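**Q** Residues 39 to 248 (the numbering used here) are what the sequence shown spells out, left to right.
From the three backbone atoms N, C-alpha and C, an ideal C-beta is built for every residue, glycine too.
The structure presented is a predicted model; accordingly, all values stated were derived computationally and were not measured.
Sharing a structure, written as structure tokens. Questions coming.
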Amino acid sequence: MKGLLLKDWYAIKSYCLYTLFIVLVFAILGGAMQGNFFFTFYPLIFISVIAMNLIAYEEKEKWDQYAATLPYTKAQIVSSKYIVSLCLGLGTVVLSGISQYVGMIVANTYNTEKLLSYLMIFVSLALLPAAFLLPFIYKFGVNKGRIAYYVVIIVSCGVIGGIASVDSIGSASAVSASQISIFVIVAVASAVIYALSWMLSIRFYQNREI
39 MKGLLLKDWY AIKSYCLYTL FIVLVFAILG GAMQGNFFFT FYPLIFISVI
89 AMNLIAYEEK EKWDQYAATL PYTKAQIVSS KYIVSLCLGL GTVVLSGISQ
139 YVGMIVANTY NTEKLLSYLM IFVSLALLPA AFLLPFIYKF GVNKGRIAYY
189 VVIIVSCGVI GGIASVDSIG SASAVSASQI SIFVIVAVAS AVIYALSWML
239 SIRFYQNREI
């Protein structure tokens, strides 16, 4: 498993640094432009494209056929992508959280409940796009998976629009305890969905002919 993770890390450094740079820029802008939900939430959605890109490069280089000769199970091959996606997603959550915290301090609008709500939303947006995208890719391949990615982007943008309509989140006012509870429940549900997606992708890949 360590070898698979190292391979993915080298691939990210070779092919996906521009994606990480875009995520960094958007996260910083999200903190600097308080109340701009596109810049605030889009980095969490955009980071999910890295897992898809890694699988696309592997398909192009016929990695699946080569991997079949190595001492790795199909479950390990799939798990490496989920671990990479999870690490990148949670890293983006931390980065976006720090950016929001600094932005609130600079704007003199810091509110603990509001920051906590943002973090719970960040967790959900970091997990759900990959959770819906990866099983589709392992079932149908990257080309058809791109269609699923566009659907995920459209749905995620709709979710962002719905979040933006909640005035208490976008404003400096306190967020109610009930709202925080809802965001926590959604974040926990997102983690469960991610775990179920992980198992589903393993099953799809195991049944796939290479």
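Residues in its own chain within less than 8 Å of V87 by CB, not counting five upstream and five downstream?
**A** So the list reads T57, Y187, once near-sequence residues are dropped.
**Q** Please return the same chain residues whose Cβ sits closer than 7 Å to the Cβ of V140, not counting the five positions on each side in sequence.
**A** G69
**Q** Whose C-beta lies closer than 8 Å to the C-beta of S137 among residues of the same chain, with five residues either side of it excluded?
**A** A65, I66, G68, G69, A70, listed in sequence order.
**Q** Taking the C-alpha atoms as reference points, what is the distance between Y243 and Q114?
**A** 11 Å
**Q** Residues in its own chain within less than 7 Å of A10 by CB, not counting five upstream and five downstream?
**A** In the structure as shown, the chain starts at 39 and stops at 248, and residue 10 therefore has no counterpart that could be examined.
**Q** When the distance is taken between beta carbons, is V190 closer than 7 Å to P167?
**A** yes
**Q** Report the residue from V63, I192, S235 whose alpha carbon sits nearest the alpha carbon of I175.
**A** S235
**Q** Label K81 either buried or exposed according to how many other C-beta atoms from any shown protein chain fall within 10 Å of its C-beta, with 16 as the threshold for buried.
**A** It should be pointed out that residue 81 corresponds to Pro in this sequence rather than to Lys. Here P81 is buried, its C-beta having at least 16 other C-beta atoms within 10 Å.
**Q** Since F84 contacts I60 with CB under 8 Å, what's their CB separation in whole angstroms?
**A** Their Cβ separation, rounded to whole angstroms, is 7 Å, which keeps F84 and I60 in contact under 8 Å.
**Q** If you compare alpha carbons, which of A233, N149, Y104, L126 is closest to A169?
**A** For the residues A233, N149, Y104, L126, the minimum Cα distance to A169 belongs to A233.
**Q** Buried or exposed: where does K112 fall if 16 or more other Cβ atoms within 10 Å of its Cβ makes it buried?
**A** Its Cβ being crowded by 16 or more others within 10 Å, K112 is buried.
**Q** Using only the alpha-carbon positions, how far apart do A164 and S155 sit?
**A** Cα to Cα, A164 sits roughly 14 Å from S155.
**Q** Just mark I185 as buried or exposed, buried being the case when its beta carbon has 16 or more other beta carbons within 10 Å.
**A** Exposed, because fewer than 16 other Cβ atoms sit within 10 Å of the Cβ of I185.
**Q** May I ask which residues mark the beginning and end of the alpha helix (DSSP H) holding Q138?
**A** 112-145
**Q** Measuring only the C-alpha atoms, how far is I231 from S162?
**A** Going by C-alpha positions, I231 is about 10 Å away from S162.
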